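Chains as they are written, first to last, in the working numbering: chain A, 972 to 1313; chain B, 3 to 184.
Here a beta-carbon is modelled for each residue, glycine too, at the ideal position from N, C-alpha and C.
Predicted model only: the values in this text are computed from it and were never measured.
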Amino acid sequence: MNTAQTPTSEQTEGGVEARLALEALGYPIPKAANRWTYMLGGLTAFFIVLLIATGLYLSQFYNPTPVGAHDSVLYIITRAPLGDWIRSLHYWSAGAVIVTSTIHLVYVFWRRSYKKPREVTWWAGVGMVGLLFLLIVTGTALRYDQEGFEALAHFVGGGEMTGAIGAFFTEGFTRSTTLLSRIFSLHTNLLPLTLLALMGLHFWLIRHLGIHADYAETGVFRSHLTRLLGAWLLAFAAVGLLAALAPEGLGYPPVAGVEITKPFWPVLWVYGLENLLGMWGMVIGPAALFGFLLAVPLLDRRADDRPGHHGWVGWLGLLIALVVLALWLYGVFGPRQQHLGM
Amino acid sequence: MNARGMLLGCLATLLGGAPPMAIAHEDAVLKSPQTAVPAGGSMNLAGSAFEESGKYRLRLLGALNDYDLREVEADSAGTFSIALSVPAEVASGSYQIVAIASDGDIVARLDVTVLEAVTGAGRAAHPAADEEATDEGSPGARHDDIRIERSRSGLEWGAIGLLVGLAAGLGLGMIRRGGGTP
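What follows is the structure, encoded as structure tokens:
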């Protein structure tokens, strides 16, 4: 090689490409994959990554003990470098990930992309949505303001109701550490790790089984990835602006034994159900919804896989969606009620 | 310059130009048989390995507020033993008692939990609480947010603006580059 020559861009590009095996990104995909409806899963993945990154930062300042938690959150807001913005980024990303994952799930359901051979892809996706909701409620508890404390009290109440299954969520599970500390561990370790594992499975299956779309016209994955990266950056700009202009607040230190707040908006449908059924609503509602979602590939026995042709499964899904929406609206506009002890 | 030269140059800059490591100054020790003390109460505090006859300021450092406690003087063996009073206005939470030398360096620390004051007056007011009425039927409980003084510096606004602006610009460019929909 003539080292006196300036390397050409082709040589340089070839070097980077070869070292990172980027040519593997050049496989064919349906051109339809570049539609926004096919990018919602990728957007969801971005928000998960952003939540992990901002969460890692927040965990450097957070004190997961009852005496220190609330003050440490105030410290993050008022003293940690860019703490207020990063915490608000975390908050807005949490809401955004629920929006993108829900729309993605509904669209995949409508397209019947759970049909053979993609059942496991669907189940991994439903599992991830369930984990996102668990992350929402565990994250709420960590605020340790009135709303956070009531979330924690719901964990205890639910744990006591469900016997051995829920023992982990009771104060008496262990004397070596507090429930708040265990919820912090759940929120920062077990739940994100399980989420990432399911995400890996989900992407592996998408890569090797393909997406449920017309392959008559194909594009290259690389161009899809470029477009997706662009969408990620725009999404970051959007939540970054929201975080700067509408920072998330913090309630007062908690008073035990009362329930005077409403939860974070994604779980208001459960709050509405609790208004009707008491604490059992917190168990029955999610169990029914996620039970149905997991059963969908087994319930839809139609031989074809045409979008929108679900038969009775589709009508049942629509009914469940309307019930959840009605409960959510009731949770938003209905009265604040005491559920603890109901 | 080839890659190896650049790498060696960077390493040399980092090692040679890096600021000298702060020599650890926390050689002394603070101990107490108590790990928690109520606000307004007192705790036994013993110090050792301090400078002979040295004078130190004791402060209580919290996540949000710091409090001056008192001055102590070590004896000829570099030790002291006192009953330390915690001010009644200290809010409950996790704190550190630190001993500060005359040069301003912290020479020893001890983790301590300050509990709520044990009085008939009930829960001490949170530093951020104001005088407004609380919810009926839930004494002391509030569902609204604390009023927080947010003062973002120009540098922080600049950093946020730069990140958001760059992300928006790059994002639009990459979407166009990635090709449109069919």
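A:W1236 is the residue among A:L1298, A:H1173, A:W1236 whose C-alpha sits nearest the C-alpha of F1104 of chain A. The Cβ-Cβ distance between G1201 of chain A and M176 of chain B falls below 8 angstroms. Chain B has a Cβ within less than 8 angstroms of the Cβ of Q1117 of chain A. Taking 8 angstroms as the upper bound for CB-CB distance, G1101 of chain A and F1261 of chain A are in contact here, some 5 angstroms apart.
Nearest to R1272 of chain A by alpha-carbon distance, out of A:G1279, A:P1278, A:V1284, A:S1072, is A:V1284. Contact check for R1193 of chain A against L996 of chain A passes: the beta carbons are separated by less than 8 angstroms. Closest option to R1114 of chain A, judged by alpha-carbon separation, among A:E1245, A:H1281, A:L1221, A:A1274: A:L1221. Look at S44 of chain B here: in three-state DSSP terms it is strand. Remark: fewer than three beta-carbon pairs, one from each stretch, lie closer than 8 angstroms, so the stretch 1167–1184 of chain A and the stretch 152–172 of chain B are not flagged as touching.
The beta carbon of H1183 of chain A sits no closer than 8 angstroms to any beta carbon of chain B.
For a Cβ distance threshold of 7 angstroms, residue set L1204 of chain A lies close to L172 of chain B, ordered along the chain.
Out of B:E54, B:G171, B:N67, the CA that lies nearest to the CA of L1204 of chain A is found in B:G171.
Counting only the Cα atoms, L1022 of chain A lies some 26 angstroms from V1295 of chain A.
Per the coordinates, the alpha-carbon of E1219 of chain A lies some 50 angstroms from the alpha-carbon of S55 of chain B. Taking a C-beta distance under 8 angstroms as the contact criterion, T1015 of chain A and S1152 of chain A do not qualify as a contact pair.
Taking 8 angstroms as the threshold, the shortest C-beta distance from A1208 of chain A to chain B falls below it. In this structure, the straight-line span from the alpha carbon of Q36 of chain B to that of I1154 of chain A is close to 27 angstroms. In the structure shown, the three-state DSSP call for Q36 of chain B is coil. The three-state secondary structure of F82 of chain B, taken from DSSP, is strand. Bounds of the alpha helix (DSSP H) holding S1043 of chain A are 1040–1049.
In the same chain as E1121 of chain A, and ignoring 5 residues on each side of it, the C-beta atoms closer than 7 angstroms to its own belong to E1230, T1232, in chain order. Shown here, S1030 of chain A sits in a helix according to DSSP, grouped into three states. When Cβ-Cβ separations below 8 angstroms define contact, S1043 of chain A makes contact with chain B. Rounded to the nearest angstrom, the gap between the Cα atoms of L1247 of chain A and L1300 of chain A is 13 angstroms. For V1108 of chain A, no chain B residue has a Cβ inside 9 angstroms of its Cβ, as the nearest lies near 18 angstroms away. Within the model, the alpha-carbon separation for A41 of chain B versus L1265 of chain A is close to 53 angstroms. Taking a Cβ-Cβ threshold of 8 angstroms, none of the residues of chain B is close to W1286 of chain A; the smallest such distance is about 31 angstroms. Pairing I102 of chain B with R59 of chain B gives a Cβ-Cβ distance under 8 angstroms.
The straight-line gap separating the alpha-carbon atoms of L1029 of chain A and A1274 of chain A is approximately 49 angstroms. R111 of chain B places its beta carbon less than 8 angstroms from that of E28 of chain B. Rounded to the nearest whole angstrom, the C-alpha separation of G167 of chain B and G180 of chain B is 20 angstroms.
For G1137 of chain A, the secondary structure class from DSSP, reduced to helix, strand or coil, is coil. From the listed residues B:I150, B:L117, B:R178, the smallest Cα separation to T1049 of chain A is found for B:I150.
With at least 16 other beta carbons inside 10 angstroms of its own, G1130 of chain A counts as buried. By the Cβ-count criterion, K1002 of chain A is buried, with 16 or more other Cβ atoms from all chains shown falling within 10 Å of its own Cβ.
Taking the C-beta atoms as reference points, A51 of chain B is found no nearer than 8 angstroms to T115 of chain B.
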